[in-house]
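The block underneath contains the structure these notes are about, expressed in structure tokens.
Protein chains in written order, with my numbering: chain Y, 10 to 339; chain S, 10 to 339.
As structure tokens, then:
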């Protein structure tokens, strides 16, 4: 490890992916790449939480099937989600008789689980590991904010939690997208306390990890076709580009945020998408497709997470955030 | 990986530990080995959650100091806790400018974080990693059960969440206790729905991991001076021994549960201690001391976690559980 960065010498591969997303998510440009578009975001369940868990279970199963693997060939599932005690991930893992590592990084979970999966494969401990996460608009709203029935007005800085899930099957061999390094993030807190402005809270963490990554590698931003953040949204992305630029790194030319591109801009989700499912869906559908099709060759995938809870905010705490980065190459 | 088991060839070492515990926890036999006994479980803070976070921060700092390391020599902190969105671990990590991996395994967190830390050190990615967790009786009660002010009567199967935290500093070199393997658990659900009987819910997960471990290694239970579970309590421990015995493995002779030994039996905690802090405190005080003093040579440390939330139980779900095991040798 040098400057928070781990280089994966054996270059574990994402050999298969799977995604699912709600009706609203499937209307945008990312939607056509989603493997399982849902007509109903309840997914046949009677609670939002059970629907979220079922989505996660669906994509874990999907990634294993798409890799044409028997379940007993999977060594480990690394997963987490936004719900208290990560019940979606834990209950989804119950459906598979596979060792399970629960992780929590809020909306950074896709990058965190990919980094851990790649590390265990690269080290030779595992041959096949599933990294997965997801979120659901309705379960997140009622856990973090207000009951939907209240019809609370959303402030303009707010984002819309993505209903969707994505899974990557990380293998020691095979064809696919190579995971060549991971830059693990530190917890960064710039003192933002507005729980409706996650983009502003998370941008400094994204900047910290991205700056650290480029300082460590000595690369220029142009070495990547895309520098993809998870769910900073429109405002958070502008803050990130400003923060990086102030430190001498100009990423404006090839930065894209998953939250900015997942919805059509005509919708009422203000700054764009958020949630652990946001970057999970975009990575495992749109980005994976563009990489395997050859139009994207090398991307830096930086998922960001806001590590608050309703209790911490209620006790007057600011919002500590984190961002983990993985380098993906074709 | 063979049968869920990872062998650490370089044998990462726990070179230093640190523990803190509340007044009630320090009355028992484990208490005298706790590094920082607290006279007041508020630890100078004005909320239980802040006290829990401060305890975790205290032991992370303690383990680094006890290893005589500068903070910038620490490559990573792996931590999690029982609070929603693992705020204790995330906010504690904010105090350290060190890469952070958040994990969630409920009360199995000490074993999960040790396994991940050992994997990253053994693979050569990191030189020094802190694995830590903790819990607080009062914050757990009001999050999972009832406001303390209600004075709700506790049923006889209940356990008492430990107020305390423990940290291990895992290094690639140095003197200490060696981590020689990890057996990662699957999510196991025997259909228990009684949230006041965690021992019964978790025992099948402990049995599954322990049976898998011995089946994979071909060892006999006597190969270990102790087989230590995390917080099954008195009833859960009896169930574990029965389940293992039914499958042909007799661990009665050398099994000890951290929850059973942390309190004096005269107290009102019924089945014993529980919480992520339970096994973290016992491992990093009593057990570590006995190992470095030479009276324990080889132990199998199996921390168990109940992966429920108030929402999952409220929606009629049973309690999925998990147990991770690490082999510790002197």
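Note that the Cβ used here is the ideal one computed from N, Cα and C, for glycine as well.
Since we're looking at a predicted model, the values are computed, not measured.
Assuming the contact rule is C-beta atoms closer than 8 Å, residue 334 (chain S) and residue 120 (chain S) should be a hit. Round their C-beta distance to whole Å, please. 6 Å
Which class does residue 165 (chain Y) belong to by DSSP, given the choice of helix, strand or coil? coil
Under 8 Å between C-beta atoms of residue 223 (chain S) and residue 258 (chain S): yes
Could you give the C-beta distance for residue 87 (chain S) and residue 27 (chain S), rounded to a whole number, given that I count them as a contact under 8 Å? Not quite, the Cβ-Cβ distance comes to about 15 Å (not below 8 Å), so this is no contact.
I'd like to know whether the C-beta of residue 246 (chain S) is nearer than 8 Å to at least one C-beta of chain Y. no
Closest Cβ-Cβ distance between residue 65 (chain Y) and chain S: below 8 Å? no
Using alpha carbons as the reference points, say which of Y:228, Y:218 and Y:177 lies closest to residue 75 (chain Y). Y:177
Taking 8 Å as the CB-CB cut-off, is residue 19 (chain Y) touching chain S? no
Measure from the C-beta of residue 155 (chain S) to each C-beta in chain Y and report whether the shortest distance is under 8 Å. no
What residue from S:131, S:123 and S:129 has the CA that sits closest to residue 142 (chain S)'s CA? S:123
Does the beta carbon of residue 135 (chain S) sit closer than 8 Å to a beta carbon anywhere in chain Y? yes
By a C-beta neighbour count over all protein chains shown, 10 Å radius and 16 as the cutoff for buried, is residue 4 (chain S) buried or exposed? Only positions 10 to 339 of chain S appear in the structure, and residue 4 (chain S) is not among them; the question remains open.
If you draw a straight line from the C-alpha of residue 13 (chain S) to the C-alpha of residue 226 (chain S), how long is it? 11 Å
So is residue 299 (chain Y) in contact with chain S if we call contact Cβ pairs under 8 Å? no
For the beta strand (DSSP E) holding residue 333 (chain S), just list the boundary residues, first then last. 330-338
Could you say which of S:110, S:131 and S:114 lies nearest to residue 100 (chain Y) if we only look at CA atoms? S:114
At a CB-CB cut-off below 8 Å, which residues of chain Y make contact with residue 4 (chain S)? Residue 4 (chain S) is absent from the structure shown; chain S starts at 10 and stops at 339.
Can you tell which of Y:137, Y:283 and Y:61 has the C-alpha that lies nearest to the C-alpha of residue 79 (chain Y)? Y:137
Give every residue of the same chain whose Cβ lies closer than 6 Å to the Cβ of residue 70 (chain Y), excluding the five residues on either side of it in the sequence, and list them in chain order. none
Can you round the beta-carbon distance between residue 290 (chain Y) and residue 39 (chain Y) to whole angstroms, since I take them to be within the 8 Å contact cut? 7 Å
Answer yes or no: the CB of residue 227 (chain S) versus the heavy atoms of the ligand GTP, is any distance below 7 Å? This structure does not include the ligand GTP; it has no bound ligands of any sort.
Looking only at its chain, what residues have a beta carbon closer than 6 Å to the beta carbon of residue 131 (chain Y), apart from the 5 residues adjacent to it on each side? 17, 19 and 21
Only counting the same chain, and skipping five residues up and downstream in sequence, which positions put a Cβ closer than 6 Å to that of residue 243 (chain Y)? 269, 280 and 281
Okay, do the segment 151-169 of chain Y and the segment 202-209 of chain Y touch, 3+ Cβ pairs below 8 Å being the bar? yes
Where the alpha helix (DSSP H) containing residue 220 (chain Y) begins and where it ends: 207-226
Positions along the segment 309-327 of chain S whose CB lies within less than 8 Å of some CB in chain Y: 316, 317, 318, 319, 320, 321, 324 and 326
Contact belief for residue 197 (chain Y) with residue 331 (chain Y) at Cβ below 8 Å, rounded distance in angstroms: 7 Å
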